[in-house]
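Following: one structure in structure tokens, then a few remarks.
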Amino acid sequence: MKIFVDSELLAEALEDASKAIASKNIMPILDCFLIEAGADGIKVTGTDTRTTIQSYIFSEHVQVDSPGQIALPKLSLEVIKKLNGDVSIEKQGNNVIIISRKKEIDMGVFDTEEFPRVPDIDDSELFETTGKELKRLFRKATYAADPTGKNAAILAGAHVYINNGVFGIEATDRHRLAKTEQRTEVGNLGGAVIEAKALGELQKIILDKDNLEFGFSKSFTGEVVYVFARTDRFTFYSRVLEGAFPDVSRMSIVPDGVTEVIVDKGEILSCLDLVYTLAKEEKHNQVVISITENEVSIRGKGRESGKANESIVPVLFKGENFAVALNSKYFIDAIKALEGDKVTLVFPGKLKPIYILDESDERSLHIVLPYRTEEV
574 MKIFVDSELL AEALEDASKA IASKNIMPIL DCFLIEAGAD GIKVTGTDTR TTIQSYIFSE
634 HVQVDSPGQI ALPKLSLEVI KKLNGDVSIE KQGNNVIIIS RKKEIDMGVF DTEEFPRVPD
694 IDDSELFETT GKELKRLFRK ATYAADPTGK NAAILAGAHV YINNGVFGIE ATDRHRLAKT
754 EQRTEVGNLG GAVIEAKALG ELQKIILDKD NLEFGFSKSF TGEVVYVFAR TDRFTFYSRV
814 LEGAFPDVSR MSIVPDGVTE VIVDKGEILS CLDLVYTLAK EEKHNQVVIS ITENEVSIRG
874 KGRESGKANE SIVPVLFKGE NFAVALNSKY FIDAIKALEG DKVTLVFPGK LKPIYILDES
934 DERSLHIVLP YRTEEV
């Protein structure tokens, strides 16, 4: 294999594909890129066996003197980033020679036969959207998943579904819940649970301007096996998580609140940020929120650093005076996921889930469970 390509273009393709490569790998081949050169240009693939990203450089941007394929170590990305202008990459035996101006790098390559195959998908069930819109939906929900999956592996994922003209995403770690939906012209494609970490990596490579196809690849029995997202720059594949996602439909209905309050988003975030600085020393990032008609007060303390208290004036108050203890980190995450300038907080009662709503998006909701404590 021998190619000539702009180093910046190659670095971008490698960077995108690298998002699928795990930070630690038992198998050396999984710490590599597969680079394939042919008449259509170059394909660069990275994978951790569950998630695969394949990025493209088309023939008009690359000169392929000799087609073929090589498996380069992930370190090659850092090497290419340090080069400027066109580079030549040529396989010679068990090595690859990379030349850029007066620089020459000789690197070992791996056996391409050991590299996992790219998933063979059925792309008949998909819908089209923009990169900007898909990132917006992911950002609103995936944060609530449990990244470790310690208590239940299925909670490391986000439930993505396309049913009855609705595209929705929901995630929970059993202590909080985030859910968002939007209307779509597509009918019933079903749903699947996708690793939230993989969706996070997908967000990093999507551009707002991308025209994107998103869909499910199913087995002959109709079960979703892979989810895929495709642009003209890359294709993302992720094998779905097995198991049943918790039914959160009952919690998705906002109840009447004993207390409801509307606050300015910027003000409450600033207030929380100060108190969280101390509260994060505690195991559960606990803060206490006290609400009256004239004041929303947030207080927290650290084991050694002291305590803090800050108050803001609510925009609107309805109901009874109320106090609750909760995880300040979870509360901040939920508020940051909102798009509007105002935050609606609904408190259905003592020790009941707290609803955090976005004035600008009626199809999204965020829930945080309170703590049982003698402080309130």
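Residue numbers 574 to 949, in our numbering, belong to the letters of the sequence shown in order.
Using N, Cα and C, we set each Cβ at its ideal position, and we do this for glycine too.
Exposure of Ile599 is indicated by the presence of fewer than 16 other C-beta atoms within 10 angstroms of its C-beta. Residue Val860 holds the alpha-carbon nearest to the alpha-carbon of Lys902 among Asp914, Val860, Phe890, Phe920. For the 7 Å CB-CB criterion, Arg747 and Ala717 do not form a contact. By the criterion of a C-beta distance shorter than 8 Å, Asp659 is surrounded in its chain by Phe577, Val578, Asp579, Ser580, Ser673, once the five residues flanking it on both sides are discounted. Residue range 749–756 is occupied by the beta strand (DSSP E) that includes Arg756. Our two residues, Ala852 and Tyr928, have alpha carbons roughly 21 Å apart in a direct line. By the CB criterion at 7 Å, Val766 and Phe700 fall outside the cutoff. Excluding its 5 nearest sequence neighbours in each direction, Lys874 has C-beta neighbours in its own chain below 8 Å: Leu851, Ala852, Glu855, Lys880, Ala881, listed in chain order. In this structure, the beta-carbon distance from Lys654 to Ala590 does not fall below 7 Å. Checking the DSSP bridge columns, you'll see Asn900 partnered with Gln859. The criterion of a C-beta distance shorter than 7 Å is not satisfied by Thr832 and Phe740. Collapsing the DSSP output to three states places Ser843 in a helix. For Phe606 and Asp684, the gap between their C-alpha atoms comes out near 11 Å. Distance from Gln755 to Phe711 at the Cβ level is roughly 12 Å; contact not present, criterion being Cβ atoms closer than 8 Å. Spanning the alpha carbons of Asp695 and Val797 requires a straight line of approximately 10 Å. Here the alpha carbons of Gly611 and Glu912 stand approximately 45 Å from one another. Taken atom to atom, the span from the alpha-carbon of Glu677 to that of Pro601 is near 24 Å. With a threshold of 16 other beta carbon atoms within 10 Å, Phe793 falls short and is exposed.
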